[in-house]
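In my numbering, the protein residues as written are 34 to 425. For every residue, glycine included, the Cβ atom is placed at its ideal position computed from N, Cα and C. Written below as structure tokens is the structure these notes are about.
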RNA sequence: UGGAUUGUAGCUUAAUCGGCAAAGCGUCGCACUGUGGAUGCGAAGAAUGCGAGUUCGAAUCUCGUCAAUUCAC
């Protein structure tokens with residue numbers, strides 16, 4: 034038996050909709066996974082994620098939870114589900130990306146990465162083995178291999194070296210992962226019908242903007258064999274056209290019978306574009322990060338609640354949004370909260386943004402089922418641009 | 001009523017011997033893509049309380065005036 038089950042229900046072009054079953058929840062795809070780095074989706078209570086927002090899976094983060102409170106504490110407390118009270122699915126990032134994006138001092142070797150904690154400056158070490166051990170302690174449904182993520186504009190030779198290292202690390206990740214599963218070290222083990230009850234492991238394809246290297250990385254990753262396949266190393270500084278080009282080339286070549294996960298992406302437009310190229314899963318900090326700093330995503334594009342023009346605007350963030358924030362609060366009130374430094378501003382805008390992202394995914398899935406996704410895409414993107422400044 | 005001290009951007013303060021009036025906060029706007037309640041970038045904003053004088057040149061020196069603070073009566 035497999036740890037996850039993946040069924041495609043409908044397809045239109047490369048876009049597909051299906052159901053991903055894990056030991057803890059049914060997840061309709063395409064899916065957007067809110068990011069809950071430190072055992073919390075910042076500013077959003079689990080109650081909301083479970084009810085109105087109806088998120089079926091969220092992210093947790095090996096790097097951050099490894100540093101605080103530490104894997105052993107979470108293991109003692111029974112794993113991340115029990116610790117946080119989130120009982121639906123979790124996907125944990127491996128820490129590979131964070132070691133490169135969050136720390137200044139680090140030493141990369143074949144063995145792993147030595148780095149200084151951004152929390153207290155102490156010396157730490159992460160490797161494929163350590164990452165798998167931490168993720169087993171966290172007990173997530175989907176574990177990510179420990180990878181190296183080079184800059185988006187990395188040159189050919191650097192990218193090749195990096196993806197080769199990532200492939201060797203992927204192999205080691207899988208070996209240690211299997212040992213831990215066999216040893217019962219996964220705190221999240223759960224009996225489920227037709228499933229093994231174990232964690233699933235996803236591989237990550239690297240290769241920056243070089244298509245032949247993407248292909249090479251894909252081959253190496255598929256050869257090792259994983260429950261799902263992720264596309265890493267996009268939206269890390271490269272041109273947007275590069276991302277779409279890589280997706281156009283890569284996604285359709287990825288195994289059809291496994292979910293495809295585009296890591297760290299993106300804007301609503303990015304999600305639609307990626308889905309039309311065959312991607313099934315996404316995560317991104319934008320809805321909650323921008324929400325905290327006054328940025329709202331709406332069906333008519335982005336808006337910044339700090340703008341003076343909203344001071345007396347009694348309309349909701351998005352007149353078409355059915356979320357509880359838009360049903361109740363005005364832009365004028367949200368702006369007031371933001372300008373006065375009230376934490377509720379960040380909470381409410383984050384909530385709306387997640388509602389908008391998750392609702393957009395629902396509408397995408399419905400349109401694929403009905404066979405009118407391409408029409409939906411065109412209308413959606415046109416509408417998003419309505420309020421964008423001219424010439425963009 | 002008299003004396004002392006102080007008046008510089010919305011606020012708090014800089015500006016060597018008299019030599020291009022700056023900064024922080026706030027305001028206004030932009031950025032943010034496997035998290036960053038962070039941060040970065042950009043803009044607007046001043047007859048240096050007001051009026052004279054000295055000087056090539058005054059926020060700075062002199063006189064007057066107004067205001068605030070404070071002490072004395």
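When the five nearest sequence neighbours on each side are left out, the beta carbons in the same chain lying within less than 6 angstroms of the beta carbon of residue 70 are those of 94 and 97, in order along the chain. A distance of 8 angstroms or more separates the beta carbons of residue 41 and residue 54.
One Cα belongs to residue 228, the other to residue 370, and the distance between them is close to 47 angstroms.
C-alpha of residue 347 to C-alpha of residue 361: approximately 11 angstroms in a straight line.
In the structure shown, the three-state DSSP call for residue 293 is strand.
Per DSSP, the unbroken beta strand (DSSP E) holding residue 177 starts and ends at 175–177.
Counting C-beta pairs with one atom in each stretch, the segment 331–349 and the segment 278–291 have fewer than three that are closer than 8 angstroms, which means they do not touch. With a cut-off of 8 angstroms on Cβ pairs, the segment 401–419 is in contact with the segment 329–346, counting three or more such pairs. Within the segment 172–250, the complete alpha helix (DSSP H) segments at least 4 residues long are 189–215, listed from N- to C-terminus.
For residue 51, the uninterrupted beta strand (DSSP E) segment begins and ends at 48–54. Per the coordinates, the alpha-carbon of residue 354 lies some 29 angstroms from the alpha-carbon of residue 117. Approximately 6 angstroms separates the beta-carbon atoms of residue 184 and residue 269; this is inside 8 angstroms, confirming the contact.
When C-beta atoms of the segment 108–123 are compared with those of the segment 52–68, three or more pairs fall below 8 angstroms, so the two segments count as touching. With 16 or more other Cβ atoms inside 10 Å of its own Cβ, residue 320 counts as buried. Taking the C-beta atoms as reference points, residue 77 is found nearer than 8 angstroms to residue 387.
Non-local C-beta neighbours of residue 365 in its own chain, meaning closer than 7 angstroms and more than five positions away in sequence, comprise 343, 344, 345, 346 and 347, ordered along the chain. Of the residues 186, 260 and 197, the one whose Cα lies closest to the Cα of residue 243 is 186. The segment 192–204 makes contact with the segment 253–268, as at least three CB pairs between them are under 8 angstroms. In the DSSP assignment, residue 263 is bridged to 237 and 294. Separation of the CB atoms of residue 127 and residue 164 is rounded to 5 angstroms, and the pair is thereby assigned contact status at 8 angstroms. In this chain, the alpha helix (DSSP H) harbouring residue 324 covers 319–325. Between residue 304 and residue 65, the C-beta spacing is below 8 angstroms. Exclusion of the five residues before and after residue 357 leaves 85 as the residues of its chain whose Cβ lies within less than 7 angstroms of its Cβ. Boundaries of the alpha helix (DSSP H) around residue 301: 301–309. When the alpha-carbon of residue 377 is set against those of 324, 413 and 393, the nearest one is in 324.
Excluding five sequence positions before and after residue 205, the CB atoms of its chain that fall closer than 6 angstroms to its own CB belong to 161, given in chain order.
Boundaries of the alpha helix (DSSP H) around residue 372: 364–372. With respect to the C-alpha of residue 61, the residue from 215, 133, 297 and 292 having the closest C-alpha is 292. If only uninterrupted beta strand (DSSP E) runs of at least 3 residues are considered, those enclosed by the segment 64–100 are 64–67 and 90–94.
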